[in-house]
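Mind the numbering: the sequence shown is residues 1 to 365 in the UniProt record's numbering, read in order. Have a look at the structure below, then the notes.
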Amino acid sequence: MYVQQHFGKQGILLVNLGTPDAPTPRAVNRYLGEFLTDPRVIDNLPGLAQQVLVRGIIAPIRSGIVNPFKPGGSTKLYQELWTENGSPLKYYGEILTAAVTERLGDEYVVRLAMRYQQPSIESAVRELIAEGVSSITVFPLFPQYASATTGSVHQEVMRVLSKEQTIPNVHLVNSYYEHPLLIKVFADNARDVGPLSQWDHIIFSYHGLPQRQLKKADNSGCHCYKVEGCCNRIGQVNQFCYSAQCHATTRAIVAELGLPEGSYTTSFQSRLGFDDWAKPYTIDVLEDLAKNKGAKKLLCFSPAFVADCLETTIEIGVEYQEEFEAWGGEHIQLVPSLNDDPRWIDAVVGMLTERMGEKVLTEGQ
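Rendered as structure tokens:
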């Protein structure tokens, strides 16, 4: 079998969504302005209208830039999230990058990038090119594929590389939503919390997407929201459907934990605007469980996220907890994010080396 020789090191680009540089109105305004003007994120407005709406209205109001002495809603949330180490998303990304670098050794160059803000994809790719790497493996830190996340990362990487005279071998990782290494980490984190029998119900809460974006991923035009149980299995027509991949992640974790049917629900959070988003909404599920089912104690997975962020720490851990208590519930236990868990680092190293056709021993081997 022919194996192409590598004359330089192999590059790895770990990419997460992004975070403001600081929990201040100006920094949050910059972040929201870049994030919300991505046409893959807000995909139903012409470019100029999107720029005017986001940069002239949405970002200034949500960040509080119009009145720096009275932070907007988004800035307040980031101030709650911020730690002594800064943004958890970036902090844990840096730890992951350093650990993967150490484990893979001198033949690899690993860089962290954020799709929005710093460190940018452009700066990280330029560093890899400057190192003379013979290949770049792009590994988005999103287990499930969505145009607004992984798709946007891949597009930006290709935009940056298109400016280069010579382009190294490029491998774009699409998703790993039911990879056994990932699934086991989520399952083990749940086991670490305590016996699963103590919970009245288990929720798998994923970041939501507008239904129009889910339908766009259906190139056949005859499956998404047109076939009953369209997300119940992965096939050719829905292989890139975010919702279908989320349901597949749930099924894999459920199988690993041996959860009985009826003891869990897959739902979606973080809805914005008035359009229909992926359903059911997590907040509606919580209300039903508390008011109609008498649930008091819930266990909640967030398998779309690999590090602490607004959607886990604040939205579920604070906002949903308050709503649940108001409806008669007692406690929502969030399954810890993967963060800097050695098992997560093992999983990333394993998935990377598997895709590059090599094997690197984990710490436990």
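Backbone N, C-alpha and C define an ideal beta-carbon position, used for all residues, glycine too.
3-residue-minimum beta strand (DSSP E) runs that sit fully inside the stretch 183-214, ordered along the chain
201-207
Flag this pair as touching only if the stretch 146-156 and the stretch 308-328 have three or more C-beta atom pairs under 8 Å; answer yes or no.
no
Start-to-end residues for the alpha helix (DSSP H) that takes in Cys222
Counting along the chain, no alpha helix (DSSP H) covers Cys222, and no H or E run does either.
Beta-carbon within less than 7 Å of Asp288's beta-carbon, same chain only, minus the 5 sequence neighbours each way: which residues are those?
none
Through-space distance from Gly294 to Met356, alpha-carbon basis:
49 Å
My parser needs the beta strand (DSSP E) runs of 3 or more residues fully inside the stretch 115-175; what are they?
Here the runs fully enclosed are 135-140, 169-172.
Would you list the residues sitting across from Ile332 in a DSSP beta bridge?
Leu298
Out of Thr75, Arg55, Pro180, Arg159, which has the shortest C-alpha to C-alpha gap to Ser63?
Thr75
In whole angstroms, what separates the C-alpha of Gln269 from that of Thr166?
42 Å
May I have a chain-ordered list of the beta strand (DSSP E) segments no shorter than 3 residues that lie completely inside the stretch 256-323?
Runs of beta strand (DSSP E) with 3 or more residues, each lying fully within the stretch 256-323, are found at 264-269, 297-301, listed in chain order.
Endpoints, the alpha helix (DSSP H) within which Leu96 is located
88-104
Does Ile65 pass the burial test, meaning 16 or more other C-beta atoms within 10 Å, or should it be called exposed?
buried
Please look up how many angstroms separate the CB atoms of Leu89 and Thr19, rounded, as I've assumed it's under 8 Å.
5 Å
Using the C-alpha atoms, what's the distance from Asn44 back to Phe204?
28 Å
How many whole angstroms separate the CB atoms of His207 and Leu298, which I take to be in contact at a CB cut-off of 8 Å?
With 8 Å as the limit, His207 and Leu298 do not qualify as a contact, their Cβ atoms being about 18 Å apart.
Quick one: what's got a C-beta closer than 8 Å to Gln51's C-beta in the same chain, skipping five residues either side?
Excluding the 5 residues flanking it on each side, Gln51 has same chain C-beta neighbours closer than 8 Å at Thr37, in chain order.
Which two residues bound the contiguous alpha helix (DSSP H) that contains Val349?
342-355
Between Tyr108 and Ser135, what straight-line distance do the alpha-carbon atoms span, to the nearest angstrom?
In this structure, the CA atom of Tyr108 is about 10 Å from the CA atom of Ser135.
So the alpha helix (DSSP H) Asn29 belongs to, where does it begin and stop?
25-36
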